[in-house]
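According to this note's numbering, the stretch in the sequence shown is residues -14 to 385, in order. Here is the structure we will look at, set down as structure tokens.
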Amino acid sequence: MPDRDGRDLSLVFLIDALGHEIVGSGGFLDALVPPERPCVRSILGYSSSALPSLFTGCLPNEHGHWGMYRRSPERSVFRKYAPLLRLAGRMPRGQWRVRQWLAGRLRRDGITGYFSLYEVPLRLLPEFDLCERRNTYRPGGFDRVPSLFDHLEGAKVPHRIWDWTSTPAKSYAEMEEAARRGSDRFLFLYDAGLDSLMHVHGPRSAATVSWLRDCEGRISRIVEAARSAGRRPRLRIFGDHGMAAIHTHIDLLRDLQELPAEVRRETLGFFDSTMGRFWFASASARDAVLGLLAKRDGGRLLTREEFVIHGVDFPDHAYGEEVFLCDAGTLILPSYMGSEPLKGMHGYHPDDRDSNTTLLADPMPEHAPRTILDILPLLLDDLGVSPLPREGWERGGPGR
Ligand SMILES: [Zn+2]
-14 MPDRDGRDLS LVFLIDALGH EIVGSGGFLD ALVPPERPCV RSILGYSSSA
36 LPSLFTGCLP NEHGHWGMYR RSPERSVFRK YAPLLRLAGR MPRGQWRVRQ
86 WLAGRLRRDG ITGYFSLYEV PLRLLPEFDL CERRNTYRPG GFDRVPSLFD
136 HLEGAKVPHR IWDWTSTPAK SYAEMEEAAR RGSDRFLFLY DAGLDSLMHV
186 HGPRSAATVS WLRDCEGRIS RIVEAARSAG RRPRLRIFGD HGMAAIHTHI
236 DLLRDLQELP AEVRRETLGF FDSTMGRFWF ASASARDAVL GLLAKRDGGR
286 LLTREEFVIH GVDFPDHAYG EEVFLCDAGT LILPSYMGSE PLKGMHGYHP
336 DDRDSNTTLL ADPMPEHAPR TILDILPLLL DDLGVSPLPR EGWERGGPGR
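Structure below.
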């Protein structure tokens, strides 16, 4: 759509966990956007891969990000702290203090990407690396492919971005001001508030309804600010995945304790909230663990075919040689992400209806996105921007 008089302004809101099952049939921004709310399929993974897929229009094996933690003892950002982490891992108390100190050190070491140390056992950290070393909301965020932020920079589109480094109150207030007085063509805001809230209170809670009502007010004020400044707002509101209600907990760590000591020594596991990822030092350990997982209720092992279909077949198996995926509504508890029960979770199979996100748009694009990979082309098309070529893209782009 050509912007004849320079008044068009893209207002883009990426609301983490804005599920189609939650707002797809209305009840959120009904006065501002048309009622069509397409079902937009997510990918297999958490925000650590769904957001990169949204920003690049690629599957995980193309942009390189899947779980927040990937196995890579040689390149691990934790490697130089290994002796200390081995000691600290044996401390009965005060480990949270070590985590706080370590997170600060990593920031000083130059890690600008989003990460959390959660409750990953300290002694195991040096086995793993953070997949997001650089802030992915900036140009040059990905090693192998350009992202939305590279395309905006490449086409010299005047724009502003608010990401997880800013508080929501500050982000919305600054965006309102930019809509009222700025001359940008593209304003983009990321909000993780709904995701955190639904983890604690559940997707269909009173807290969710109240959060959505507040958010509606914030977005409406920004649209009003743009209109009062004589701009023509183009609204794009979407999530990276949805959220399922939790009904079952499984304790995979305890299950594995039942295996012989030798099997446990030859097995490395990483326990996300809905996935157990495994690496094996011997065929017998592999057989024993796979045998146990095959009998486990609440989830199943991913097949080789599924690794390929979902674009999570990494040749170096950095994200796991084998993956146990929970059924929707089942939570691994405790996991390396936490030991408190939760009421909502995502990171299930994308076929599960609670995994879908949606798009609230005004005007509605001619072709509604079918998956989150279709969002990037839509945002660029709105601006009349052609994407930068992927060929020859290396670590932040050619010539960088
Ligand atoms: Zn989440």
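No residue lacks a Cβ here, since even glycine has one placed at the ideal position from N, Cα and C. None of these values were measured; they are calculated from a predicted model.
Determine the contact status of LEU344 and PRO354, defining contact as a CB-CB distance below 8 Å. The residue given as residue 344 occupies position 359 in the sequence shown. The residue given as residue 354 occupies position 369 in the sequence shown. Yes, the Cβ-Cβ distance between LEU344 and PRO354 is below 8 Å.
CB of ALA192 to nearest heavy atom of ligand 1: below 7 Å? Position 207 of the sequence shown holds residue 192. Flag unset: Cβ of ALA192 not near ligand 1.
So which of LEU(-4), MET76, GLU104 and PRO23 has the shortest CA-CA distance to ALA88? Taking the sequence shown and counting its residues from 1, one reaches residue 88 at position 103. Measuring from the Cα of ALA88, the nearest candidate turns out to be GLU104.
Determine the closest residue to PRO188 out of PRO350, MET330, LEU39 and PRO45, with distance taken between C-alpha atoms. Residue mapping note: residue 188 aligns to position 203 of the sequence shown, counting from 1. Selected option, being the one with the closest Cα: MET330.
Reference ARG118, options TYR54, LEU316 and ARG212, closest by Cα: Along the sequence shown, read from residue 1 onward, the residue named residue 118 stands at position 133. Selected option, being the one with the closest Cα: TYR54.
Just to confirm, is the Cβ distance from LEU287 to VAL308 under 8 Å? Against the sequence shown, residue 287 aligns to sequence position 302. Against the sequence shown, residue 308 aligns to sequence position 323. Yes; because the gap between Cβ atoms is below 8 Å, this pair is in contact.
In this structure, does DSSP put CYS200 in helix, strand or coil? Indexing the sequence shown from 1 puts residue 200 at position 215. DSSP places CYS200 in helix when its eight states are reduced to three.
Are the CB atoms of CYS200 and THR389 within a distance shorter than 8 Å? The structure shown has nothing for residue 389, since the chain only spans -14 to 385.
Beta bridge counterpart(s) of ALA229 as assigned by DSSP: In the sequence shown, residue 229 corresponds to position 244, counting from 1. DSSP, once it has assigned bridges, lists MET330 as partnering ALA229.
Would the beta-carbon of ASP180 be found less than 7 Å away from any heavy atom of ligand 1? In the sequence shown, counting from the first residue as 1, residue 180 sits at position 195. The answer is yes for ASP180.
Can you give me the Cβ contacts of CYS43 inside the same chain, cut-off strictly under 6 Å, excluding the 5 residues immediately before and after it? Locating residue 43 in the sequence shown gives position 58, where the first residue counts as 1. Excluding sequence neighbours, CYS43 sits near VAL130.
CA-to-CA distance, GLY369 to GLY276, given in whole angstroms: Position 291 of the sequence shown, counting from 1, holds the residue named residue 276. Position 384 of the sequence shown, counting from 1, holds the residue named residue 369. Cα to Cα, the separation comes out at about 53 Å.
When we look at the beta-carbon of ALA210 and count the other beta-carbons within 10 Å, is it buried (16 or more) or exposed? Here residue 210 refers to the residue found at position 225 of the sequence shown. Classification for ALA210: buried.
If you follow the alpha helix (DSSP H) that LEU253 is part of, which residue opens it and which one closes it? Counted from its first residue, the sequence shown places residue 253 at position 268. Unbroken run through LEU253 is the beta strand (DSSP E), 252 to 256; no alpha helix (DSSP H).
Using only the heavy atoms of ligand 1, determine whether one of them is closer than 7 Å to the beta carbon of SER32. One-based indexing of the sequence shown puts residue 32 at position 47. Yes, Cβ of SER32 sits closer than 7 Å to a heavy atom of ligand 1.
One or two residues paired with VAL25 in a DSSP bridge: The sequence position of residue 25 within the sequence shown is 40, counting from 1. Answer is THR342.
Hey, how far is the Cα of HIS136 from the Cα of ARG82? For the purposes of this step, residue 136 is taken as residue 151 along the sequence shown, with counting starting at 1. For the purposes of this step, residue 82 is taken as residue 97 along the sequence shown, with counting starting at 1. Their backbone Cα atoms lie some 40 Å apart in a straight line.
The stretch 170 to 186 touching the stretch -12 to 2, judged by at least three CB pairs closer than 8 Å: yes
Proximity to ASP236 [Cα-Cα], best of SER151, GLY283 and PHE265: By one-based count along the sequence shown, residue 236 stands at place 251. The shortest Cα separation from ASP236 among SER151, GLY283 and PHE265 belongs to GLY283.
Does at least one heavy atom of ligand 1 sit under 7 Å from the Cβ of ALA2? The sequence position of residue 2 within the sequence shown is 17, counting from 1. Yes; taking the cut-off as 7 Å, the Cβ of ALA2 has a heavy atom of ligand 1 nearer than that.
Check whether ASP114 and VAL62 have beta carbons under 8 Å apart: Taking the sequence shown and counting its residues from 1, one reaches residue 114 at position 129. Taking the sequence shown and counting its residues from 1, one reaches residue 62 at position 77. A contact, by the Cβ cut-off of 8 Å.
Thinking LEU(-4) and ALA164 are a contact (beta carbons under 8 Å), I'd like their distance in whole angstroms, please. Mapped onto the sequence shown, residue -4 falls at position 11. Mapped onto the sequence shown, residue 164 falls at position 179. That belief holds up - the Cβ atoms of LEU(-4) and ALA164 are roughly 7 Å apart, short of 8 Å.
Nearest-angstrom beta carbon gap, PHE127 and HIS48 [assumed within contact, 8 Å]: Taking the first residue of the sequence shown as 1, we reach residue 48 at position 63. Taking the first residue of the sequence shown as 1, we reach residue 127 at position 142. Indeed they touch by this definition, with Cβ atoms about 5 Å apart.
May I ask you to check if the CB of HIS422 is nearer than 7 Å to at least one heavy atom of ligand 1? Nothing can be reported for residue 422, as the shown portion of the chain is limited to -14 through 385.
For a test of your reading of the model: does the CB of HIS50 fall under 7 Å from any non-hydrogen atom of ligand 1? Yes or no. Against the sequence shown, residue 50 aligns to sequence position 65. Every heavy atom of ligand 1 is 7 Å or more from the Cβ of HIS50, so no.
Determine the burial state of THR41: buried for a count of at least 16 other Cβ atoms within 10 Å of its Cβ, exposed for fewer. Within the sequence shown, residue 41 is the residue found at index 56, counting from 1. Label assigned to THR41: buried.
Given this structure, state the Cα-to-Cα distance separating VAL18 from ILE7, to the nearest angstrom. Mapped onto the sequence shown, residue 18 falls at position 33. Mapped onto the sequence shown, residue 7 falls at position 22. Taking the straight line from one Cα to the other gives about 16 Å.
Compute the Euclidean distance between the alpha carbons of ARG385 and PRO111, then round it to the nearest angstrom. As a first step, residue 385 is located in the sequence shown; it is residue number 400 there, counting from the start. As a first step, residue 111 is located in the sequence shown; it is residue number 126 there, counting from the start. Because ARG385 carries a pLDDT of 41, less than 50, the predicted location of this residue cannot be relied on, and no value is offered for it.
Whole angstroms is fine: what's the gap from GLY323's alpha carbon to PRO20's? If you number the sequence shown from 1, residue 323 lands on position 338. If you number the sequence shown from 1, residue 20 lands on position 35. Straight-line Cα distance between these residues: approximately 38 Å.
Going by DSSP in three states, GLY276 sits in which element: helix, strand or coil? Mapped onto the sequence shown, residue 276 falls at position 291. Three-state result, GLY276: helix.
Given the structure, does HIS331 come close to ligand 1, in the sense that its CB is under 7 Å from one of the ligand's heavy atoms? Within the sequence shown, residue 331 is the residue found at index 346, counting from 1. Answer for HIS331: yes, Cβ within range of ligand 1.
Check whether the Cβ of HIS184 lies closer than 7 Å to any heavy atom of ligand 1, and answer yes or no. Here residue 184 refers to the residue found at position 199 when the sequence shown is read from its first residue. Yes - ligand 1 has a heavy atom lying nearer than 7 Å to the Cβ of HIS184.
Using three-state DSSP, classify VAL(-3) as helix, strand or coil. Here the question's residue -3 lines up with position 12 in the sequence shown. DSSP places VAL(-3) in strand when its eight states are reduced to three.
Spatial neighbours of LEU39 in its chain, beta-carbon cut-off 6 Å, leaving aside the 5 residues before and after: If you number the sequence shown from 1, residue 39 lands on position 54. Cβ within range, chain order: ASP225, ILE357 and ILE360.
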